[in-house]
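Please read the structure below before turning to the comments.
Protein chains: 2
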Amino acid sequence: VTVYVGVDVGGSKVLAAVVSPSGEVVRSVMARTPGRLVQASAVEDVLTDAVRAVSGGETIEAVGVAAAGFVDPAGERVVFAPHLPWRGEDLRARLAERWDTPVVLANDANCAAVAEAAYGAADPDGLGVVVTMGTGIGGAILLDGRVLRGHNGMAGEFGHMQLVPDGEPCECGGRGCWEQYSSGTALIRFARARLGHEPSVLAEACDGDPDQLTGAMVTAAAADGDLVARKAFASVGEWLGVGLANLVAALDPHFIVVGGGVSAAGNRLLDPARAELGRCVVGAGHREVPPVVAAALGPAAGAVGAAELARRSGQAH
Amino acid sequence: VTVYVGVDVGGSKVLAAVVSPSGEVVRSVMARTPGRLVQASAVEDVLTDAVRAVSGGETIEAVGVAAAGFVDPAGERVVFAPHLPWRGEDLRARLAERWDTPVVLANDANCAAVAEAAYGAADPDGLGVVVTMGTGIGGAILLDGRVLRGHNGMAGEFGHMQLVPDGEPCECGGRGCWEQYSSGTALIRFARARLGHEPSVLAEACDGDPDQLTGAMVTAAAADGDLVARKAFASVGEWLGVGLANLVAALDPHFIVVGGGVSAAGNRLLDPARAELGRCVVGAGHREVPPVVAAALGPAAGAVGAAELARRSGQAH
Numbered sequence: 260v261t262v263y264v265g266v267d268v269g270g271s272k273v274l275a276a277v278v279s280p281s282g283e284v285v286r287s288v289m290a291r292t293p294g295r296l297v298q299a300s301a302v303e304d305v306l307t308d309a310v311r312a313v314s315g316g317e318t319i320e321a322v323g324v325a326a327a328g329f330v331d332p333a334g335e336r337v338v339f340a341p342h343l344p345w346r347g348e349d350l351r352a353r354l355a356e357r358w359d360t361p362v363v364l365a366n367d368a369n370c371a372a373v374a375e376a377a378y379g380a381a382d383p384d385g386l387g388v389v390v391t392m393g394t395g396i397g398g399a400i401l402l403d404g405r406v407l408r409g410h411n412g413m414a415g416e417f418g419h420m421q422l423v424p425d426g427e428p429c430e431c432g433g434r435g436c437w438e439q440y441s442s443g444t445a446l447i448r449f450a451r452a453r454l455g456h457e458p459s460v461l462a463e464a465c466d467g468d469p470d471q472l473t474g475a476m477v478t479a480a481a482a483d484g485d486l487v488a489r490k491a492f493a494s495v496g497e498w499l500g501v502g503l504a505n506l507v508a509a510l511d512p513h514f515i516v517v518g519g520g521v522s523a524a525g526n527r528l529l530d531p532a533r534a535e536l537g538r539c540v541v542g543a544g545h546r547e548v549p550p551v552v553a554a555a556l557g558p559a560a561g562a563v564g565a566a567e568l569a570r571r572s573g574q575a576h
Numbered sequence: 260v261t262v263y264v265g266v267d268v269g270g271s272k273v274l275a276a277v278v279s280p281s282g283e284v285v286r287s288v289m290a291r292t293p294g295r296l297v298q299a300s301a302v303e304d305v306l307t308d309a310v311r312a313v314s315g316g317e318t319i320e321a322v323g324v325a326a327a328g329f330v331d332p333a334g335e336r337v338v339f340a341p342h343l344p345w346r347g348e349d350l351r352a353r354l355a356e357r358w359d360t361p362v363v364l365a366n367d368a369n370c371a372a373v374a375e376a377a378y379g380a381a382d383p384d385g386l387g388v389v390v391t392m393g394t395g396i397g398g399a400i401l402l403d404g405r406v407l408r409g410h411n412g413m414a415g416e417f418g419h420m421q422l423v424p425d426g427e428p429c430e431c432g433g434r435g436c437w438e439q440y441s442s443g444t445a446l447i448r449f450a451r452a453r454l455g456h457e458p459s460v461l462a463e464a465c466d467g468d469p470d471q472l473t474g475a476m477v478t479a480a481a482a483d484g485d486l487v488a489r490k491a492f493a494s495v496g497e498w499l500g501v502g503l504a505n506l507v508a509a510l511d512p513h514f515i516v517v518g519g520g521v522s523a524a525g526n527r528l529l530d531p532a533r534a535e536l537g538r539c540v541v542g543a544g545h546r547e548v549p550p551v552v553a554a555a556l557g558p559a560a561g562a563v564g565a566a567e568l569a570r571r572s573g574q575a576h
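Line order of the protein sequences matches chains H and S. Whatever position you read off the first sequence (first residue = 1), add 259 for our numbering. Whatever position you read off the second sequence (first residue = 1), add 259 for our numbering.
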């Protein structure tokens, strides 16, 4: 048996998955990303372990790597990644040699969009926007099922649109980027800012050390009705709506799909986003405001899309 | 002799032009727009006078109307226009009947983009952005010379992207819209805020009444070296760069063309915009930052594009 593997490399997590020809995750392995201050090879070690573990001894036909960063138009390098250490190395060739298998490299949000258009919530026709919320915000523009890549292959970097002048500093070097207000990072920051001022189960969850707070803790606490966690989600959701309204003003898309790890919170995130989008969008009442739907493939969309690109690439040979 | 006429209806000015088959303005007439608080028919009266005057008694083959507002996908109505009184009337049919000639109706920035791609500064290939600065900011996305219209025909409404939370109120009903910081309106506001605090020829130009200040006064004063006027242009230019950086993050365009009345100031506007774009754009140093060029057709681009669409429409029959 031969299998296709997709690996999604985000700022916090690595998700490797064996993906069936119908886009289903057969098996998956999760690991922590070492961060952006380590050697590039340390991230590659984590990927190697994850790919080996998920393959379960089966022969790997090809691997697709979805990276949370700018991938060059040729798909050879991660040119720049705010949350990862890669800076222009021959990544695709290096991994292909190390793993002795064909490797396809693409931007993670573009992979997620490919997956959602092929198997998920994205309409295969018309102009659409896919927003991927994890540690940061990635994204892709779909035009009739095709990812609009832009001149440098960098279209869809929605997370680095500036929404707040002189706002929160961002790892990209800018300030006030959208993802500083609507992402897993923002979710933790918003919750942390309330700890010590308002009662919350999160104080206990993080052993009294707000620096230890994680997105998973906030998500779990919100599900349990914790008000601090719920307010953090409401803030992240509202900011999501503000940024979506900007994308609607610029692009007038037919649909919006929201994916990524944070989107697992579903309507706790999307309801405030929809409300704010409706409030902020220009020409409301004179236009159809596009539906905001959760990605159907959940947090695995990036890995599924990466495997899909690996499969297509193999068929093209 | 038969002629094609293009009429550009902005928030402040109406420009009617007879346009040659090679995209040149043969004759033009300028009039003031009555504003958004008048009857819709008052604007149509102004258009009628302008079209009649510019035609100079020659037979009009068709008229293209470029409107500073949302035009429905069928090109029949101005659905909503922050600076104009139209709200869904059968505008195209009404003008065609009144003028007894075929009429084509399109968004003004889309018209300008069509003109720039056909005769001007826009590359006919690749993904590009056209930003039109007048009373507000209009825009268009060009993909291989074609305007990307979006689901409601409203793509390219860049001016209503929110850049400042709880910022300046906008006629669209929102707050902190880009065009409140980068437009003719913003230019006047920035200059006005300095009057009385800093010496300026503008105090005299407006007879001591800052409410009488116009964009033309600020433009003339800046050309004469007036510091208040120059600082106003620098601010508008910097904000132009901030918004362009957001569009580059989202779209990664190959080129950016800036047109509209305010762009007549040329590099006084574009140099600070280029500097700020270079400073704000995500991944600077890891990407090609697109060139920001002045529209080649100047303030007449909307009228030229409208006439071009009228001409194409006639040839299609």
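No residue lacks a Cβ here, since even glycine has one placed at the ideal position from N, Cα and C.
- Task: Helix, strand or coil for MET476/H, going by three-state DSSP, please let me know.
- Result: helix
- Query: What separation, rounded to the nearest whole angstrom, lies between the Cα atoms of GLY467/S and THR478/S?
  - Reply: 18 Å
Please give the ranges of any alpha helix (DSSP H) in the stretch 291 to 338 of chain S, keeping only runs that are unbroken, at least 4 residues long and fully inside the region. 299 to 314
| field | PHE417/S: first and last residue of the uninterrupted alpha helix (DSSP H) it sits in | value | Run containing PHE417/S: none; DSSP gives neither H nor E here.
* Terminal residues of the continuous beta strand (DSSP E) containing THR444/H? -> Element bounds for THR444/H: not the beta strand (DSSP E) but the alpha helix (DSSP H), 443 to 453.
Handout entry: Of the listed residues ALA301/H, VAL338/H, ASN366/H and GLU356/H, nearest to ALA326/H (C-alpha basis)
Key = ASN366/H
* GLY502/H: first and last residue of the uninterrupted alpha helix (DSSP H) it sits in -> 486 to 510
Check your understanding: To the nearest angstrom, how far is it from the Cα of VAL540/S to the Cα of PRO549/S?
Key -> 10 Å
Is the Cβ of ALA578/H closer than 8 Å to any Cβ of chain S? There is simply no residue 578/H to check, as chain H begins at 260 and stops at 576 in what is shown.
Do the stretch 331 to 341 of chain S and the stretch 274 to 293 of chain S touch if we need at least three Cβ pairs shorter than 8 Å? no
Worksheet entry | Beta-carbon separation (whole angstroms), SER502/S vs PHE417/S, contact threshold 8 Å | Going by the sequence as given, residue 502/S is Gly instead of Ser. Between PHE417/S and GLY502/S the Cβ distance is about 7 Å, and since that is below 8 Å, they are a contact.
For the candidate residues GLY435/H, GLY443/H, LEU446/H and ALA488/H, whose alpha-carbon lies nearest to that of SER459/H?
ALA488/H
*Given a threshold of 16 other Cβ atoms within 10 Å of its Cβ, counted over all protein chains shown, does GLY526/S qualify as buried or as exposed?*
In the sequence as displayed, the identity of residue 526/S is Asn instead of Gly. That one is exposed.
**Prompt:** DSSP three-state call for TYR263/S: helix, strand or coil?
**Reply:** strand
Spatial distance of MET413/H from VAL285/H (CA atoms) = 31 Å
message = Does ARG434/S come out as helix, strand or coil in the three-state DSSP assignment?
response = strand
How would you call PRO383/S, buried or exposed, if buried means at least 16 neighbouring beta carbons within 10 angstroms?
exposed
* Can you name, in chain order, every residue of its own chain whose Cβ lies under 8 Å from the Cβ of ASP216/S, other than the five neighbours on each side? -> With chain S covering 260 to 576 only, the question about residue 216/S has no answer from this structure.
ask   = Does the beta carbon of PHE449/S come closer than 8 Å to any beta carbon on chain H?
value = no
**Asked** Taking only beta-carbon atoms, is ARG546/H less than 8 Å away from chain S?
**Response** yes
For this session: Flag LEU510/S as yes if its beta-carbon sits less than 8 Å from any beta-carbon of chain H, otherwise no.
Result: yes
**Request:** Figure out for me which residue from LEU454/S, VAL517/S, ASP349/S and ALA374/S has the closest Cα to the Cα of VAL362/S.
**Result:** ASP349/S
When DSSP labels each residue in this structure, what does ASN366/H get in the three-state scheme? strand
Legend entry - Beta-carbon contacts of THR261/S that lie in its chain and below 8 Å, excluding the five residues immediately before and after: GLU317, THR318, ILE319 and GLU320
Discussion item. Cβ closer than 8 Å: which chain S residues qualify as neighbours of GLN421/H?
Written reply: LEU422, VAL501, ALA504, ASN505 and CYS539
What does ASN411/S touch in chain H if you count any residue whose Cβ is under 7 Å from its own? ASP511, ARG546 and GLU547
query = Under 8 Å, do LEU536/H and VAL551/H count as touching if we go by C-beta distance?
reply = yes
Ranges of the alpha helix (DSSP H) found wholly within the stretch 523 to 556 of chain S, counting only runs of at least 4:
526 to 539
Our contact map puts ALA553/H next to LEU568/H with C-beta atoms below 8 Å; I'd like the distance itself, whole angstroms only.
With 8 Å as the limit, ALA553/H and LEU568/H do not qualify as a contact, their Cβ atoms being about 22 Å apart.
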